[in-house]
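Residue numbers (the working numbering): 518 to 876.
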């Protein structure tokens with residue numbers, strides 16, 4: 518068994534023995550068709566040749582599955598590459614990130630000489646809310662600004678409806694909005710790609726979370742701006758998506774669309790059911806659980822340090838959780854838990870209960 522070192526750990530822990538509540542993947546695991554297609558593509562030795570650098574069939578498959586115009590679809594190696602390409606294409610003076618949020622924006626902004634600002638959502642009761650006035654105060658007159666919004670938000674699970682997002686975009690017409698919808702598919706909420714987008718909005722989507730396949734990288738950008746889509750495509754590295762991912766996802770989206778839609782629909786149903794159970798159990802411990810429509814929940818455990826909780830759960834109980842203090846705007850009393858089957862939730866809650874009681 519491979520030892521795995523968590524960031525901040527002073528010792529190695531056995532990853533294979535962990536119940537992993539730290540990663541936000543589909544709790545149902547990958548669809549059966551995905552594994553079958555991987556084997557099929559491997560038998561065809563796709564890895565022994567270069568993929569089509571234009572990814573014409575893949576773009577067409579993505580567009581067909583979501584009923585989009587393939588001319589505005591730019592395939593990327595996951596959401597991370599897509600976001601970076603969108604930021605670089607806009608050449609902003611200022612990048613504004615709606616927080617709490619994750620991301621290595623500091624590194625990119627430092628490298629490109631971009632001013633970075635965070636607009637922190639307010640903690641109101643059991644939810645986080647974005648203030649338009651706060652955003653207005655950060656959009657500088659005469660400077661080219663780009664706003665990044667993860668929607669549903671990670672780690673809070675907050676969601677802005679397409680109506681609210683489009684209203685926001687219309688209020689700041691000279692500002693480009695990059696909307697990362699990595700968790701939309703598992704939340705069962707409406708996506709911006711189903712609407713007529715203004716040219717100052719680019720949507721980022723990814724398959725790694727919804728299909729529980731983080732090692733099989735694929736995402737895409739979608740925008741109504743032909744010029745922006747062309748710039749994004751020109752910035753995309755040649756062969757940025759490997760032959761295996763290209764083959765598997767093209768076949769999955771094109772030839773197994775109906776099965777995939779049923780799988781995603783089932784995933785949404787189970788995420789909702791299991792999230793409700795997890796929230797109920799965590800609330801029973803007296804913890805503050807924030808409202809979430811995503812496949813994870815943010816929890817506030819006042820008086821307990823998040824790294825201490827993470828370390829104890831990993832070392833003593835074989836449970837991995839996500840310390841949330843590394844998300845900009847959150848302190849050391851927040852942790853994030855992904856949604857899993859109730860039998861795993863019972864193990865988590867029992868372990869936390871014992872930690873709360875103390876030695």
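Idealized CB from N, CA, C, for every residue including glycine.
Among the options, nearest to residue i - alpha-carbon criterion
i	options	result
residue 722	666, 775, 626	666
residue 596	649, 700, 616	700
residue 607	656, 640, 662, 540	662
residue 622	639, 747, 604, 637	604
residue 728	535, 539, 549	549
residue 765	798, 745, 552	552
residue 546	863, 798, 783	783
residue 484	582, 724, 685	Nothing about residue 484 can be read from this structure; the chain reaches only from 518 to 876.
residue 578	748, 650, 769, 629	769
residue 714	685, 726, 646	685
Inter-residue Cα distance where the pair is residue i and residue j
i	j	result
residue 560	residue 732	19 angstroms
residue 555	residue 653	47 angstroms
residue 785	residue 706	9 angstroms
residue 524	residue 542	Unreliable positioning characterises residue 524 in this predicted model, as indicated by a pLDDT of 35, which lies under 50. The coordinate reading is nonetheless provided below. The alpha-carbon atoms of residue 524 and residue 542 are separated by roughly 19 angstroms.
residue 804	residue 818	6 angstroms
residue 873	residue 865	12 angstroms
residue 876	residue 820	15 angstroms
residue 591	residue 761	18 angstroms
residue 572	residue 668	27 angstroms
residue 778	residue 771	12 angstroms
residue 531	residue 858	Note that residue 531 has pLDDT 46, beneath the 50 cutoff, so the model's placement of it is unreliable and no number is given.
residue 711	residue 871	46 angstroms
residue 569	residue 755	9 angstroms
residue 841	residue 656	27 angstroms
residue 539	residue 598	22 angstroms
residue 557	residue 767	12 angstroms
residue 563	residue 574	15 angstroms
Boundaries (first-last residue) of the beta strand (DSSP E) holding residue i
i	result
residue 583	First-last for residue 583: 573-583, but that is the alpha helix (DSSP H), not the beta strand (DSSP E).
residue 853	851-855
residue 592	590-593
7 angstroms Cβ cutoff met for residue i and residue j
i	j	result
residue 815	residue 839	no
residue 709	residue 679	yes
residue 644	residue 808	yes
residue 812	residue 806	no
residue 868	residue 834	yes
residue 576	residue 757	no
Heavy atom of the ligand ADP within 6 angstroms of residue i beta-carbon
i	result
residue 587	Ligands are entirely absent from the displayed structure, and the ligand ADP is therefore not among its contents.
Residue i - containing alpha helix (DSSP H), residue span
i	result
residue 832	823-834
residue 779	774-800
residue 555	549-560
residue 864	859-874
residue 751	743-752
Flag this pair as touching only if the segment 717-737 and the segment 611-627 have three or more C-beta atom pairs under 8 angstroms; answer yes or no.
-> no
Indicate whether the contact test is met: 3 or more Cβ pairs, each with one atom in the segment 672-687 and one in the segment 586-594, closer than 8 angstroms.
-> no
Three CB pairs or more closer than 8 angstroms across the segment 689-697 and the segment 705-719 = yes
Inter-stretch contact at 8 angstroms, needing at least 3 Cβ pairs: the segment 785-795 / the segment 827-841 | no
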